[in-house]
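Heads up: the structure comes next, in structure tokens.
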Amino acid sequence: MSSSTVITNIAALVTNDPSLGDHSPLGLARDAAVAVEGDRVVWTGESSKAPATDNRVDAGGRAVLPGFVDSHSHLLFGGDRTEEFNARMSGRPYSAGGIRTTVAATRAASDAELEAGLVRYLAEALRQGTTTFETKSGYGLTTADESRALRVAARHTDEVTFLGAHIVAPELADDPAAYVGLVTGEMLDACAPHARWIDVFCEQGAFDGDQARAILTAGKARGLHPRIHANQLSQGPGVRLAVELDAASADHCTHLTDADVDALANSRTVATLLPGAEFSTRAPWPDARRLLDAGATVALSTDCNPGSSFTSSVPFCIALAVRDMGMTPDEAVWSATAGGAAALRRDDVGRLTPGAYADLTLLDAPSHVHLAYRPGVPLVAGVWRRGVRVH
32 MSSSTVITNI AALVTNDPSL GDHSPLGLAR DAAVAVEGDR VVWTGESSKA PATDNRVDAG
92 GRAVLPGFVD SHSHLLFGGD RTEEFNARMS GRPYSAGGIR TTVAATRAAS DAELEAGLVR
152 YLAEALRQGT TTFETKSGYG LTTADESRAL RVAARHTDEV TFLGAHIVAP ELADDPAAYV
212 GLVTGEMLDA CAPHARWIDV FCEQGAFDGD QARAILTAGK ARGLHPRIHA NQLSQGPGVR
272 LAVELDAASA DHCTHLTDAD VDALANSRTV ATLLPGAEFS TRAPWPDARR LLDAGATVAL
332 STDCNPGSSF TSSVPFCIAL AVRDMGMTPD EAVWSATAGG AAALRRDDVG RLTPGAYADL
392 TLLDAPSHVH LAYRPGVPLV AGVWRRGVRV H
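Be aware that the sequence shown starts at 32, since it is given in this note's numbering, and climbs by one per residue.
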């Protein structure tokens, strides 16, 4: 029989249910409590009306919000790119080609080494409040290396993405059509059983619109749903292709035309913004305000990867989004929780309402606003995942 727990004396509870609390998108409830039975939320309401449960936790007048949903990461890789980062911070611009360095290191790594790295970064993210994460392959670029990365990932999350189309494999650099044929044929056959999603880096130096369409369409035919790296380094066809194929998300969205913004606003495709990448490459910031004002759904994620955004901290990304991308603290928190869930087409995470998974983050602060107000401070004081306290 599952045990039950109630967390009381919550100064500010973010539910992400507009029917609750102050009826804002955050559904913010004051002096609140949340009850959990097994792995699900079963009740939220006023702290004084909290039901009797097996266990009781006093939040001490602090804030509780849903666990962060990091819907874009690249955690299966070998080595790191410290030297590249150091050189870039000394004046060399970022381009897609640096991925090849990680490809070589990943191919040389053992399965155990890849899994140890994944586990390390997941634990790091969990301590910072991330309870749901997506992660991708993309640093193997051979059938064997891509499929083994996905097998490792699938032991740790259901949100696994096949990104064989990260760049053209170095050994086929002079024949990209042959590599697209590999990705849509033998590699896809080996990888599809281990993934939920298919992704492609649609960008100059990676894959053009026609190649991306062929890859994502082949993935859809094998039961994988599309997501896409779109418009990161320049304007291009990625966002409109994402909308055309009903991709769950178009990720980066740094260089957008008015038509791109309109397409996102009139679709189910989420614009996933990844400010860690702009921070680490000194690139222009995505204009979140423009997207939000147009009515697009926005997610915030880390893009944790060894080349262009080596952070697992969603709170850091929230602070960047508020400071440099035109988001309010409320919008940034929503985008890092409910927005990330929307980018994964999930409604059982990213919110704290009856029936949702009991994934909660307790802050050592009276309000979620402190995530942006106190940047760089380790504010996460407790994390529950599926109803179990894990930090």
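By construction, the Cβ of each residue, glycine as well, lies at the ideal position given by its N, Cα and C atoms.
Predicted model only: the values in this text are computed from it and were never measured.
(request) Using only the heavy atoms of the ligand FMN, determine whether one of them is closer than 7 Å to the beta carbon of His-422. (result) With respect to small molecules bound, the structure shown includes none, and the ligand FMN cannot be examined in it.
(request) Assign Gly-418 to buried or exposed, taking buried as 16 or more other Cβ atoms, counted over all protein chains shown, within 10 Å of its Cβ. (result) As a position in the sequence shown, residue 418 is number 387, starting the count at 1. Burial call: buried.
(request) Pick helix, strand or coil for Asn-297, following the three-state DSSP scheme. (result) Here the question's residue 297 lines up with position 266 in the sequence shown. Asn-297 sits in coil when the DSSP states are folded into three classes, being neither helix nor strand.
(message) Give me, in chain order, the residues of the same chain whose beta-carbon lies closer than 8 Å to that of Thr-359; leave out the 5 immediate sequence neighbours on both sides.
(response) Numbered from its first residue, the sequence shown carries residue 359 at position 328. Take Thr-359, set aside five residues on each side of it, and the residues of its chain with a beta-carbon closer than 8 Å to its own are Val-353, in chain order.
(request) Could you spell out the range, first to last residue, of the beta strand (DSSP E) harbouring Arg-93? (result) Within the sequence shown, residue 93 is the residue found at index 62, counting from 1. Per DSSP, the continuous beta strand (DSSP E) segment holding Arg-93 begins and ends at 86-97.
(request) Specify the secondary structure class of Gly-171 as computed by DSSP and reduced to three states. (result) In the sequence shown, the residue the question calls residue 171 occupies position 140. Reduced to three states, the DSSP call for Gly-171 is coil.
(message) Once DSSP output is grouped into helix, strand and coil, what is the label at Arg-182?
(response) Locating residue 182 in the sequence shown gives position 151, where the first residue counts as 1. If DSSP states are grouped into helix, strand and coil, Arg-182 belongs with the helices.
(request) Could you tell me which of Ala-90, Asp-62, Val-72, Ala-63 sits nearest to Asp-395, measuring between CA atoms? (result) Taking the first residue of the sequence shown as position 1, residue 395 is located at position 364. Asp-395 has its Cα closest to that of Ala-90, out of Ala-90, Asp-62, Val-72, Ala-63.
(message) Here's a check: name, in chain order, each residue in its chain whose Cβ is nearer than 7 Å to the Cβ of Asp-379, leaving out the five neighbours to either side.
(response) In the sequence shown, residue 379 corresponds to position 348, counting from 1. These residues qualify, in order along the chain: Ala-387, Tyr-388.
(message) Considering just the uninterrupted stretch of the beta strand (DSSP E) at Glu-77, what are its terminal residues?
(response) Working through the sequence shown from its first residue, we reach residue 77 at position 46. Segment 71-77, the beta strand (DSSP E) holding Glu-77.
(message) Please state the DSSP three-state secondary structure of Phe-116.
(response) As a working note, residue 116 is residue 85 in the sequence shown. DSSP, reduced to helix, strand and coil, places Phe-116 within a helical segment of the structure shown.
(message) For Val-292 and Leu-322, I'd like the C-alpha separation in whole angstroms.
(response) Here the question's residue 292 lines up with position 261 in the sequence shown. Here the question's residue 322 lines up with position 291 in the sequence shown. Spanning the two alpha carbons is a distance of roughly 6 Å.
(message) Per DSSP, what are the beta-bridge partners of Leu-331 in this structure?
(response) The residue you call residue 331 lines up with position 300 of the sequence shown. In DSSP, Leu-331 forms a bridge with Leu-304.
(message) Judging by CA-CA distance, which residue of Asn-297, Arg-158, Leu-96 is the nearest neighbour of Asp-361?
(response) As a first step, residue 361 is located in the sequence shown; it is residue number 330 there, counting from the start. Residue Leu-96 is the option with its Cα nearest to Asp-361.
(request) Look up His-256 in the DSSP assignment and give the residues it is bridged to. (result) Taking the first residue of the sequence shown as position 1, residue 256 is located at position 225. Listed as beta-bridge partners of His-256 by DSSP are Trp-228.
(request) Determine the direct distance from the alpha carbon of His-225 to that of Gly-381, and round the result to whole angstroms. (result) Within the sequence shown, residue 381 is the residue found at index 350, counting from 1. Within the sequence shown, residue 225 is the residue found at index 194, counting from 1. Roughly 24 Å separates the two Cα atoms.
(request) Indicate whether Ala-327 and Ala-302 have their beta-carbon atoms separated by less than 8 Å. (result) In the sequence shown, counting from the first residue as 1, residue 327 sits at position 296. In the sequence shown, counting from the first residue as 1, residue 302 sits at position 271. Yes, the pair counts as a contact, with Cβ atoms nearer than the cut-off.
(request) Taking Phe-347 as part of the alpha helix (DSSP H), name the residues at either end of that continuous run. (result) Indexing the sequence shown from 1 puts residue 347 at position 316. Per DSSP, the unbroken alpha helix (DSSP H) holding Phe-347 starts and ends at 345-355.
(request) Within its chain, find whatever has a CB closer than 7 Å to the CB of Ala-83; leave out the 5 residues flanking it on each side and keep chain order. (result) Translated into the one-based positions of the sequence shown, residue 83 becomes position 52. Contacts found: none.
(message) Just to confirm before moving on: does the CB-CB distance between Leu-402 and Ala-350 stay below 8 Å?
(response) Along the sequence shown, read from residue 1 onward, the residue named residue 402 stands at position 371. Along the sequence shown, read from residue 1 onward, the residue named residue 350 stands at position 319. Yes.
(request) For Val-408, count neighbouring Cβ atoms within 10 angstroms of its own Cβ and tell me buried if that reaches 16, exposed if not. (result) Mapped onto the sequence shown, residue 408 falls at position 377. Exposed, because fewer than 16 other Cβ atoms sit within 10 Å of the Cβ of Val-408.
(request) In the DSSP assignment, find the unbroken beta strand (DSSP E) run with Arg-313 in it and report its ends. (result) One-based indexing of the sequence shown puts residue 313 at position 282. Per DSSP, Arg-313 lies in no beta strand (DSSP E) segment and is marked neither H nor E.
(request) Name the residue from Gly-110, Asp-355, Leu-59 whose alpha carbon lies nearest to the alpha carbon of Ala-147. (result) Walking along the sequence shown from the start, residue 147 turns up at place 116. That would be Gly-110, whose Cα lies nearest to the Cα of Ala-147.
(message) Spatial neighbours of Val-270 within its chain, please: C-beta separation below 7 Å, excluding the five flanking residues on both sides.
(response) For the purposes of this step, residue 270 is identified with residue 239 of the sequence shown, where counting begins at 1. Excluding residues within five positions, the ones whose Cβ falls inside 7 Å are Ala-261, Asn-262, Ala-281, Cys-284, Leu-287, Asp-291, Ala-294, Leu-295.
(request) Please report how far the alpha carbon of Trp-228 lies from the alpha carbon of Leu-375, in whole angstroms. (result) Counting from one through the sequence shown, the residue named residue 228 turns up at place 197. Counting from one through the sequence shown, the residue named residue 375 turns up at place 344. Roughly 9 Å separates the two Cα atoms.
(message) Closest to Arg-158 by C-alpha separation, out of Val-345, His-399, Pro-397, Gly-267, would be which residue?
(response) Taking the first residue of the sequence shown as 1, we reach residue 158 at position 127. For the residues Val-345, His-399, Pro-397, Gly-267, the minimum Cα distance to Arg-158 belongs to Val-345.
(request) Apply the 10 Å Cβ neighbour rule to Lys-484 and answer buried if 16 or more other Cβ atoms are within range, or exposed otherwise. (result) There is no way to answer for residue 484, as the model of the chain reaches only from 32 to 422.
(message) According to DSSP, simplified to helix, strand and coil, what is Thr-342?
(response) Counted from its first residue, the sequence shown places residue 342 at position 311. Coil, per DSSP.
(message) Mapping the DSSP letters down to three states, classify Thr-384 as helix, strand or coil.
(response) Residue mapping note: residue 384 aligns to position 353 of the sequence shown, counting from 1. DSSP places Thr-384 in coil when its eight states are reduced to three.
(request) Pull up the CB-CB distance for Thr-166 and Asp-390, whole angstroms please, since I reckon it's below 8 Å. (result) Within the sequence shown, numbered from 1, the residue matching residue 166 stands at position 135. Within the sequence shown, numbered from 1, the residue matching residue 390 stands at position 359. With a beta-carbon spacing of about 17 Å, Thr-166 and Asp-390 fall beyond the 8 Å limit used to define contacts.
(message) DSSP three-state label for Cys-222, please.
(response) The residue given as residue 222 occupies position 191 in the sequence shown. In the three-state reduction of the DSSP assignment, Cys-222 falls in the helix class.
(request) From the DSSP output, in three-state form, read off Ile-38 for me. (result) Working through the sequence shown from its first residue, we reach residue 38 at position 7. Residue state, collapsed to three classes: strand.
(message) What does the Cβ neighbour count give for His-399, buried or exposed, with the cut at 16 atoms within 10 Å?
(response) Walking along the sequence shown from the start, residue 399 turns up at place 368. Flag for His-399 reads buried.
(message) For Ser-366 and Ser-339, which I take to be in contact (beta-carbon distance under 8 Å), what is that distance rounded to the nearest angstrom?
(response) Indexing the sequence shown from 1 puts residue 366 at position 335. Indexing the sequence shown from 1 puts residue 339 at position 308. The beta-carbon distance between Ser-366 and Ser-339, rounded to whole angstroms, is 20 Å. This is too long to meet the 8 Å contact definition.
(message) Could you give the first and the last residue of the continuous beta strand (DSSP E) run that contains Leu-391?
(response) Within the sequence shown, numbered from 1, the residue matching residue 391 stands at position 360. Its beta strand (DSSP E) spans residues 391-394.
(request) Pick helix, strand or coil for Val-414, following the three-state DSSP scheme. (result) For the purposes of this step, residue 414 is identified with residue 383 of the sequence shown, where counting begins at 1. Shown here, Val-414 sits in a strand according to DSSP, grouped into three states.
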